[in-house]
Structures are given as C-alpha cells and as structure tokens.
Amino acid sequence: MKWEMLSDFDKSRIRRWQIGMLTLALLCEMFLAADWYAFAAVIPFISETLTLDPAQAGLAQGIFALTYGLGMIVWSQVSRGMSARGMLLIGLAGTGIGMVLQVYVQSYSQLLTLRLIVGFFDAAIFLGNMKLVIGWFPQARRGSVVGLILAAYSLAITLDFAIGVPLTIAFGWRVFFAILAGGTLLIAGFIALFVRNGPANIGIAGFLWETEKAKAATASLAGIFKSRWIYVGGFGISACTMAIAGTATWVIPAYITVHSMPIADAALIGTLMGISQVFFLVVGGYAADHLGKALMIKIGAALALLVAISFTVGTAQPISFTWMILLALFSGVALFGGGAIFSLLSEKYPDELATAAVGFAEIFGILSTFISPWVMGVVIHTTGGSFSSAFLAFAIAEAVLLVVIVAMARESAAVASNSVVGSASRS
C-alpha cells in the first residue's frame with residue numbers, strides 16, 4: 027500500500043505520528059550528544075577533581091569514540107533484524123546507567139571505563155534514530171529530517187556549555203552528570219511507551235514508502251564497500267567530527283590559558299560555538315539541495331580547514347575578547363557540508379542498506395573524534411602548553427582530508443563504474 031492509496035484520515039494520522047516520532051528522535055539525539063560532550067564542557071573542573079593533565083583529559087574525551095565505533099560495527103550488523111524502538115531502548119538504557127555510574131567516579135581509570143561503556147550504547151541510539159527516520163519518512167524528506175537531527179546534536183553540545191558550565195560552577199560537575207543521567211533514562215521511558223517503527227505499526231498494514239525497497243532485499247552488507255561513496259562520506263564525516271571534537275575540547279581551555287579568559291565566560295563561548303554549528307548545518311542542508319551533495323562535502327572540508335587555521339592563528343598571538351567571540355561564531359562553518367553527507371549516502375544506497383551504510387561511514391568520523399582531542403592534548407603536553415601547536419596539527423589533518431575528498435569525490439563519466447549494490451542508478 028502506497029501513500030497515494032491512503033484515505034485522508036490515514037494520511038492525517040501518519041502526519042501526526044511523524045511529528046511525534048521526529049520529536050522523540052530529536053530528544054534521543056540531543057541526549058546522545060549531551061552525554062558525549064558533557065565531559066568536554068566541564069574539563070577544567072573534572073581535571074581538578076581527578077588530577078588530570080591535558081593528555082589524560084584529551085584521551086578521556088576521545089576514548090569515547092573507540093567503543094562508539096565498535097558499537098557502530100555491532101549495531102550496523104544487527105540493524106537489519108532489529109526494530110528502531112528496540113535499538114533506541116537498548117541504547118538509551120545502557121547510556122543512562124553508564125551516566126549514573128559516572129556521577130560516582132573517583133579515579134581516572136573508572137572514568138575511562140565508564141566512557142567506553144557509554145560510547146558503545148550511544149551508537150545504538152544514533153542508528154536507531156536513522157532507522158526510525160527511514161521507517162517514518164519517504165526518501166524525498168529524509169535529507170531535511172536528518173539535517174534537523176544533526177542540528178539537534180549540535181544544539182545539545184551548545185546546551186552542555188550554556189547550562190552545564192554554570193550548573194557545575196554552582197553545584198559541581200557530579201550534579202550536572204546526574205541530571206543528564208536522569209534525562210536519558212526518562213527519554214528511554216518515553217521510547218518504550220510511545221515509539222512505533224512505522225505506519226504499519228499503527229494499523230496501516232502493508233504500507234511502504236517506496237516500491238524500490240524490494241529491489242535490494244538480497245543485497246549484502248559487504249556490497250556497501252564496493253562503492254567509493256562510502257569512503258567519500260566517511261572522510262567527509264571525519265572532517266566535520268574532527269572539527270567538532272577539536273574545538274569543543276580545546277578552544278575554551280586555550281582561551282582560559284592563553285588569553286586569560288575568566289572561567290565564567292566559558293558558557294558564552296561554548297554556547298556561541300553550538301549556535302554557530304546549528305546555523306551552518308541548517309543553511310548547509312538547504313544549500314546542498316541546490317549546489318549538489320558531492321560539491322557540498324568538498325566545500326565543507328575546505329571550511330573545516332579554514333576553521334583550524336583560524337584557531338591556530340588565534341592561539342599563537344594575543345587577541346581581544348571580541349575576536350574570541352568572532353572565532354567562536356565562525357567555528358560552526360566546519361559543519362557546512364554535514365547534512366549533505368548523510369543525504370548523499372541515502373541516495374547512493376537502497377533503504378535496506380542505508381542504516382548500515384551510515385553506521386559504517388560514521389566509523390571514519392569516530393576515529394577522528396578519538397584522534398583529534400587526544401593528539402591535540404598530547405601536543406599540548408609535550409610542547410609545554412602550546413595550544414597553537416595543537417591547532418596546527420589539527421589544521422594539517424584537515425588539509426590531508428580535503429585532498430583525499432577532492433580526489434575521490436570528483437564527478438565524471440567514471441561514476442557509472444561505481445554502481446552500488448541494489449540499484450544501478452545509484453552510482
């Protein structure tokens with residue numbers, strides 16, 4: 027049964043459920059990101075409590091990505107046999123319990139262990155969200171919907187700084203983590219009560235958004251890697267996540283150390299960086315529909331490099347607080363091509379493989395999320411506190427990614443030779 031065959035009553039029901047499911051998906055994504063970057067928002071406070079040096083703090087932020095990446099592999103493998111509701115429930119419950127335990131950490135080893143556990147379950151939340159979007163929205167709308175979800179991710183990071191820092195100053199970082207833990211478990215309860223996997227689960231039997239789903243029913247997961255677009259998407263995500271992780275982790279400590287910024291201003295800077303990310307994700311998603319998704323990924327990687335260069339210069343010499351604000355507002359441009367990446371993968375792969383393709387592409391970005399804050403922390407430690415050297419390393423890495431993306435994402439007649447399993451037209 028297709029959309030055109032439904033009665034006006036059933037169409038109205040689906041539209042109402044779409045609003046509800048999108049709202050829950052946005053909340054899930056926000057707590058995924060908030061639980062991930064809560065540590066980055068309050069690094070100075072946790073470092074003081076647990077006596078962490080910059081290299082240890084960078085590893086604690088980045089190590090999350092190791093099991094997030096492992097989770098992407100595991101959950102991508104089982105995504106074809108699990109429902110969106112099941113994946114979200116497992117992810118939120120595991121993450122919530124891990125956050126509860128983080129409230130009571132007393133040592134660096136305990137912190138690392140719990141961040142590894144939370145990372146694994148966070149991956150299930152992300153892929154559950156992607157599966158929920160595929161179940162409730164047609165192909166023509168998935169790009170804009172995923173763009174909103176990515177914007178919610180950045181908004182959550184913004185709120186980590188805007189709310190988490192003042193809350194930590196007033197009550198301590200353990201209270202901040204406890205609130206996040208409670209919110210995560212509350213959303214898990216909402217998922218258990220209200221989520222349905224698609225229109226077929228609200229009584230519209232046999233409903234399908236697109237007839238083409240049947241064409242790829244026998245496609246294997248291994249087929250994902252036969253197309254260059256998984257690598258283009260993966261390196262594109264890497265450019266974005268490297269920028270997110272690097273700036274979210276080290277910009278505020280750099281401002282405090284290099285420019286003597288008061289800790290009380292950390293919330294403002296973090297908020298501005300988050301607002302910038304949300305703005306450029308929304309604008310970039312719209313631009314991708316007009317400029318072409320492959321081109322947008324190239325532009326996004328170039329802008330990420332420009333952000334890295336800007337902070338290298340901004341930490342190598344004295345700058346005013348006004349310039350600190352301007353750099354924070356500019357930082358989000360690194361995500362300009364973010365929405366185009368997932369939309370591109372959705373176009374190049376059939377629906378049966380789309381969730382898994384996104385998961386495997388995310389692994390590329392996860393590695394950069396781990397490497398970026400850790401390597402920058404190591405550089406800071408080994409150079410005796412040189413933040414400009416750390417951001418220079420960040421810029422070099424972004425430059426390498428840009429070269430690789432430009433080389434692989436070229437549009438030419440050769441595209442026809444890169445047909446994707448399940449649909450010859452999706453090369």
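If you read the sequence shown in our numbering, its first letter stands for residue 27, the second for the next number, and so on. The beta-carbon is built from N, C-alpha and C at its ideal position, and this holds for glycine as well. If you're wondering where the values come from, they're calculated on a predicted model, not measured in any experiment.
{"Query": "Using the C-alpha atoms, what's the distance from L115 back to V104?", "Result": "15 Å"}
{"Query": "Rounded to a whole number of angstroms, what is the C-alpha to C-alpha distance between I228 and V171?", "Result": "21 Å"}
{"Query": "Among S346, L48, A66, whose alpha-carbon lies nearest the alpha-carbon of G296?", "Result": "A66"}
{"Query": "For L219, count the other beta carbons within 10 Å of its own beta carbon; 16 or more makes it buried, fewer makes it exposed. Which is it?", "Result": "exposed"}
{"Query": "With H, G and I counted as helix, E and B as strand and the rest as coil, what does DSSP make of M113?", "Result": "helix"}
{"Query": "Out of S286, V277, G358, which one is the CA nearest neighbour of A11?", "Result": "Since the first residue shown for the chain is 27 and the last is 453, residue 11 is missing from the structure and cannot be characterised."}
{"Query": "Of the choices V432, G112, A271, M156, whose alpha-carbon is the least far from that of S369?", "Result": "M156"}
{"Query": "Could you tell me the distance, in whole angstroms, from the CA atom of A330 to the CA atom of G260?", "Result": "15 Å"}
{"Query": "How would you write the range of the alpha helix (DSSP H) that F163 sits in, first residue to last?", "Result": "F163 -> no alpha helix (DSSP H), and no H or E assigned at all."}
{"Query": "In this structure, does DSSP put W29 in helix, strand or coil?", "Result": "helix"}
{"Query": "Tell me, please, whether the region 58-72 touches the region 27-37 by the rule of three or more beta-carbon pairs shorter than 8 Å.", "Result": "no"}
{"Query": "Could you tell me whether the Cβ atoms of I183 and G300 are closer together than 8 Å?", "Result": "yes"}
{"Query": "In terms of residue numbering, what span does the alpha helix (DSSP H) encompassing V339 cover?", "Result": "319-342"}
{"Query": "With burial defined as no fewer than 16 other Cβ atoms inside 10 Å of the residue's Cβ, what is the status of F90: buried or exposed?", "Result": "buried"}
{"Query": "Measure the alpha-carbon distance for A231 versus F152 and round it to whole angstroms.", "Result": "27 Å"}
{"Query": "Given a cut-off of 8 Å, decide if I175 and Y375 are closer than it, judged by their beta-carbon atoms.", "Result": "no"}
{"Query": "Between the region 195-205 and the region 78-98, do three or more beta carbon pairs fall short of 8 Å?", "Result": "no"}
{"Query": "Nearest CA to the CA of S73: which residue from T210, P279, S38?", "Result": "P279"}
{"Query": "What residues in its chain sit with their C-beta under 6 Å from that of W101, if we drop five residues either side in the sequence?", "Result": "A149, A150, L153"}
{"Query": "Is the distance from the Cβ of S398 to the Cβ of T341 below 8 Å?", "Result": "no"}
{"Query": "What residue range is occupied by the uninterrupted alpha helix (DSSP H) comprising I217?", "Result": "199-220"}
{"Query": "When we look at the beta-carbon of A242 and count the other beta-carbons within 10 Å, is it buried (16 or more) or exposed?", "Result": "With a pLDDT of only 48 at A242, under 50, the local geometry of the prediction cannot be trusted, and no value is derived from it."}
{"Query": "Less than 8 Å between the C-beta atoms of G88 and A271, yes or no?", "Result": "yes"}
{"Query": "Helix, strand or coil for R436 per DSSP?", "Result": "coil"}
{"Query": "Between which residues of its own chain and A421 is the CB-CB distance below 7 Å, once the five residues before and five after are set aside?", "Result": "L331, A334, I335, T338"}
{"Query": "Quick one: complete beta strand (DSSP E) runs, 3+ long, within the region 66-131?", "Result": "none"}
{"Query": "Mind checking which residues open and close the alpha helix (DSSP H) that includes P376?", "Result": "Looking at the DSSP string, P376 is not in any alpha helix (DSSP H), and its letter there is neither H nor E."}
{"Query": "Taking 8 Å as the threshold, find out whether the region 351-365 comes into contact with the region 301-309 through three or more Cβ pairs.", "Result": "yes"}
{"Query": "Applying the 10 Å Cβ sphere with the 16-neighbour rule, what's the burial state of K252?", "Result": "exposed"}
{"Query": "Considering just the uninterrupted stretch of the alpha helix (DSSP H) at S264, what are its terminal residues?", "Result": "255-284"}
{"Query": "Would you mind reading off the limits of the alpha helix (DSSP H) that contains M350?", "Result": "347-357"}
{"Query": "Compare the C-alpha of Q44 against each of P225, W349, V284, L294 and name the closest.", "Result": "P225"}
{"Query": "Out of curiosity, what's the CA-to-CA distance linking T395 and V401?", "Result": "10 Å"}
{"Query": "Are G364 and G310 close, meaning C-beta to C-beta below 8 Å?", "Result": "yes"}
{"Query": "Can you say whether A196 is buried or exposed, counting buried as having 16 or more other CB atoms within 10 angstroms of its CB?", "Result": "exposed"}
{"Query": "Assuming V405 contacts A416 (C-beta within less than 8 Å), just tell me the rounded distance between them.", "Result": "4 Å"}
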